[in-house]
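Start counting the sequence shown at 21; every next residue gets the next number (my numbering). For reference, the structure discussed in these notes is given below.
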Amino acid sequence: MTARPIILYGTGNGADKILNELERLHIPVSGVTASDGFVRSRQFRGFPVRALSEITRDFEDPILLVAFGSQRPEVIDSILRLSQTHTVRCADVPVYGDNIFNADFYRAHEKELRTVYDLLGDALSKKTLECVVRFKLTGELSGFTGCFSDKDDVFRDILQLGQDESYLDLGAYRGDTIAEFLHYTGGFYRHITALEPDEKTYRKLREAAGHLPHTQLFRMGIWSHDTDLPFHGSVGRGSSIRQDGSRSLPVTAVDTLYKRRSLSYLKADVEGAEEQALLGSIRTLQRDKPKLNIALYHRSEDIFKLPLLLHSIQPGYRFFLRQHPHIPAWDLNLYAV
């Protein structure tokens, strides 16, 4: 407990989860703030949303608890500058699921984390795991941003994509990761298959990649088997499979898509459905051992559960962990070759 005022910096779903956790811990919040350019006459959970400049003027020595996420360099730089003059902490809550990565969670899963640590293939991966865990437990920025890695290094040193790749893009969004793939292969490839479940986003994907040769685009989701599931859509990157979804979505499995052909590179960023995607990929992973690019941050347990699952499916993989620039740690990826 602290007598210093705690100010929640940001609003939205993440801030809701943070407030819920603070209430569970009986830690009071003194106010809610947003950057000066984003303040409007509104309230959040009973608090008036005040400009950051007002909050830092009116509260003596507050703790600013960052409750939003961003990968934009100017936003990260702004948070870092703020941390030079004020006490800033970043609350890292999962995008999906209810498990908060706190001290109790760490103690409950320390053995799994240590097993993953031993599986990691280089010193930077081990340092990244230590850095991310420390950040999740403390919210301190010091040391965390020093673990950021550039994607150029990953594609050059780890994935090393060739010009005859068969690429599966799960969660293709508007085609940005297809463009990334084409950049690193020089535009050469054997085949591209991309899945995007959200209707509006899928239209953007077709505009961006529908003209590409040897390319299949599907408006559907990925799962452990072929079925139909409830889907919450029309929220861009946040569209996801969830029980309270308002519409039905066809989903398929990787093993269905690649029953009669081989796969050489798989990227999965599927809003919390990564485990189910891997469970539906067992035959393909065992047969082809494709290079992997897997989001590891949607659920708190993903950081150990997904590497251990992959190791049980395909023991031949070497694992690499990289934290790409993002506050909080929402762009943590697992790469396997």
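Note that beta-carbon positions come from the ideal geometry of N, C-alpha and C, so glycine has one too.
The Cβ-Cβ distance between P25 and I83 falls below 9 Å. Judged by beta-carbon spacing, L179 lies beyond the 9 Å limit of V52, meaning their Cβ atoms are not closer than that value. For A228, the uninterrupted alpha helix (DSSP H) segment begins and ends at E219 to A229.
Residue range A123 to A128 is occupied by the alpha helix (DSSP H) that includes A123. Scanning S90, L232 and T105 for the CA closest to the CA of R77 turns up T105.
Between R239 and E219, the gap from beta carbon to beta carbon is short of 9 Å.
In this structure, V86 is the residue among V86, F208 and L28 with its C-alpha nearest to the C-alpha of K156.
The alpha-carbon of Q306 is positioned some 37 Å away from that of R92. Shortest Cα-Cα distance from L133 to any of I347, L330, E321 and G230 involves E321. By a beta-carbon distance limit of 8 Å, L316 contacts L352. Their separation comes to about 5 Å.
One alpha carbon belongs to D112, the other to K325, and they sit about 18 Å apart. At least 9 Å separates the beta-carbon of Y204 from that of S284. Looking at T197, P348, R319 and P310, the one whose alpha-carbon comes closest to that of R338 is P310.
Taking the C-beta atoms as reference points, L277 is found no nearer than 9 Å to I333. Beta-bridge analysis with DSSP links T272 to I242. Among the bridge pairs identified by DSSP, T107 is matched with I83.
Note that the C-beta distance between I323 and A288 is not below 9 Å.
In this structure, G163 is the residue among T158, G163 and Q236 with its C-alpha nearest to the C-alpha of P345. I347 counts as buried, since at least 16 other C-beta atoms from the protein chains shown sit within 10 angstroms of its C-beta. With a 10 Å radius around the Cβ and a threshold of 16 neighbouring Cβ atoms, I75 comes out buried.
Judged by DSSP secondary structure, N40 falls within the alpha helix (DSSP H) whose first and last residues are N33 to R44.
Boundaries of the beta strand (DSSP E) harbouring P250: T247 to H252, taken from the DSSP string. With fewer than 16 other CB atoms across the displayed protein chains lying within 10 angstroms of its CB, H234 is exposed. Here the C-alpha atom of L341 lies approximately 7 Å from the C-alpha atom of L149. Close CB contacts of S73 within its chain, under the 7 Å cut and outside five residues either way in sequence, are with D56 (chain order). Per DSSP, the unbroken alpha helix (DSSP H) holding T205 starts and ends at D196 to T205. Within its own chain, the residues whose Cβ lies closer than 8 Å to the Cβ of I27, once the five positions on either side in sequence are excluded, are V49, S50, G51, V52, T53, I75, F79, P82, I83, L84 and L85, listed in chain order. The alpha-carbon of S103 is positioned some 25 Å away from that of R65.
Where D189 is concerned, the enclosing beta strand (DSSP E) starts and stops at S186 to L190. For D170, the number of other beta carbons within 10 angstroms of its own is below 16, and it is reported as exposed.
From the listed residues R280, N313, L190 and V290, the smallest Cα separation to T304 is found for R280. Distance from D184 to T197 at the Cβ level is roughly 19 Å; contact not present, criterion being Cβ atoms closer than 8 Å. DSSP places R267 in the strand class (E or B) of the three-state scheme.
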